[in-house]
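Here this note's numbering is used: position 137 in the sequence shown is 445, and no number is missing along the way.
Read through the structure below, which is laid out as structure tokens, and then see the notes.
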Amino acid sequence: MNYDLPPPNEAQIRWIERLLQPWNWLTEPVYLSDYNIPDKGPVLFVGNHSLMGGLDVPLLALHLYQEHDIFLRILVDHAHFKLPLVKDFLARLGEVEGSRENALALMRQNQYLLVYPGGAREAFKQKGEAYQLLWRDHLGFARLAIAAACPIVPLAAVGPEECYDIVLDREELLQTPLGQIMERFRLRKDLLPPLVRGLGPSFLPKPQRFYFKFGRPIDSRPFAALGEEAGPQALRDQVKMALEKEIADLQEYRKIDPKKEFWRRILPF
Numbered sequence: 309m310n311y312d313l314p315p316p317n318e319a320q321i322r323w324i325e326r327l328l329q330p331w332n333w334l335t336e337p338v339y340l341s342d343y344n345i346p347d348k349g350p351v352l353f354v355g356n357h358s359l360m361g362g363l364d365v366p367l368l369a370l371h372l373y374q375e376h377d378i379f380l381r382i383l384v385d386h387a388h389f390k391l392p393l394v395k396d397f398l399a400r401l402g403e404v405e406g407s408r409e410n411a412l413a414l415m416r417q418n419q420y421l422l423v424y425p426g427g428a429r430e431a432f433k434q435k436g437e438a439y440q441l442l443w444r445d446h447l448g449f450a451r452l453a454i455a456a457a458c459p460i461v462p463l464a465a466v467g468p469e470e471c472y473d474i475v476l477d478r479e480e481l482l483q484t485p486l487g488q489i490m491e492r493f494r495l496r497k498d499l500l501p502p503l504v505r506g507l508g509p510s511f512l513p514k515p516q517r518f519y520f521k522f523g524r525p526i527d528s529r530p531f532a533a534l535g536e537e538a539g540p541q542a543l544r545d546q547v548k549m550a551l552e553k554e555i556a557d558l559q560e561y562r563k564i565d566p567k568k569e570f571w572r573r574i575l576p577f
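Encoded structure:
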């Protein structure tokens, strides 16, 4: 793993800006409480995964680089790194295979990391699970923060969840012949995405406005004294509660935003 991957140069940033310009224009992201971002690393951002995942991350990463000079490293599922060409491309974007060893190595370099504890299960939600934190018993991010003695910043995102409507969720798809195929080849069921619909009958995402909010940093160091099991559990619970509050705050903020609808954002008055 290339832990010394440098941030993009000026030419690469210009290219990324041009690439994301249409999506940035369509979603017109709002970033709240940037003052909660620590001035120096290591820092672990912990976020809520939106439906299908990935629609918001490039805009967030570009914002952090442009406004805070932070080259965000994103911890992703091991499945993303199975294909050599894909692995190299993701690495150039700052994405890292989400192992404890990789994360600790980056922490030792005082870098800023982003993790979604819900993983694929949270990205590939079922009907009725919008904005739920589907973390199950995952404690890895809490153990990581305690081991690195770094703060955790809850990072809420609202808007990407509404870019798609679920037509058939995973459980419904598993009742079709597709489920029998996955069972036969022992494929990971949590990597089965739902069948979704975006703009009209297409897969194009709806132009929802995106909202991001950085919560108050949570100091992981006091949790080390609680023990190897109780400490991570208590930290995980506190982060989850804080993130749920930030999500709820953003949903309330969106209700009173006069430009939450796309047509209001593009009108000149």
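Ideal placement from N, C-alpha and C gives every residue a C-beta, glycine not left out.
Cα-Cα separation between residue 360 and residue 377, rounded to whole angstroms: 28 Å
Cβ pair residue 367, residue 333 closer than 8 Å: no
Could you pull the start and end residues of the beta strand (DSSP E) that residue 405 belongs to? 403-405
Pick helix, strand or coil for residue 457, following the three-state DSSP scheme. coil
Check whether chain D comes within 8 Å of residue 318, counting only Cβ atoms and requiring the distance to be less than that. Looking at the structure shown, chain D is missing, and only one protein chain is on hand.
Since residue 414 and residue 451 should fall inside the 8 Å C-beta cutoff, what is the C-beta to C-beta distance between them, to a whole number of angstroms? With 8 Å as the limit, residue 414 and residue 451 do not qualify as a contact, their Cβ atoms being about 15 Å apart.
Should the stretch 515-525 be regarded as contacting the stretch 414-433, the criterion being three or more beta carbon pairs within less than 8 Å? no
According to DSSP, residue 355 sits in a beta bridge with which residue or residues? 463
With a 10 Å radius around its C-beta and 16 neighbouring C-beta atoms as the bar for buried, classify residue 462 as buried or exposed. buried
For residue 519: DSSP bridge partner residues: 338, 466
Does residue 420 come out as helix, strand or coil in the three-state DSSP assignment? strand
Can you give me the C-alpha to C-alpha distance between residue 448 and residue 576, rounded to a whole angstrom? 48 Å
Would residue 341 and residue 465 qualify as a contact pair, given that the criterion is a beta-carbon distance under 8 Å? no
Three Cβ pairs or more, each shorter than 8 Å: is that satisfied between the stretch 428-437 and the stretch 497-506? yes
Let me know the secondary structure DSSP gives residue 266 once reduced to three states. This structure cannot settle anything about residue 266, because the visible part of the chain is limited to 309 through 577.
Going by CA-CA distance only, name the one from 335, 326, 472, 379 that's closest to residue 350. 379
Could you please give me the residues that DSSP links to residue 505 through a beta bridge? 473
Own chain residues within Cβ distance below 8 Å of residue 523, not counting five before or after: 341, 344, 461, 462, 463, 464, 550, 551, 553, 554
Rounded to the nearest angstrom, how far is the Cβ of residue 454 from that of residue 540, given a contact under 8 Å? 6 Å
Straight-line Cα distance separating residue 477 from residue 354: 25 Å
Residue 381, DSSP secondary structure in three states: strand
Proximal residues to residue 412 (C-beta, below 8 Å), its chain only, five neighbours per side dropped: 452, 455, 456
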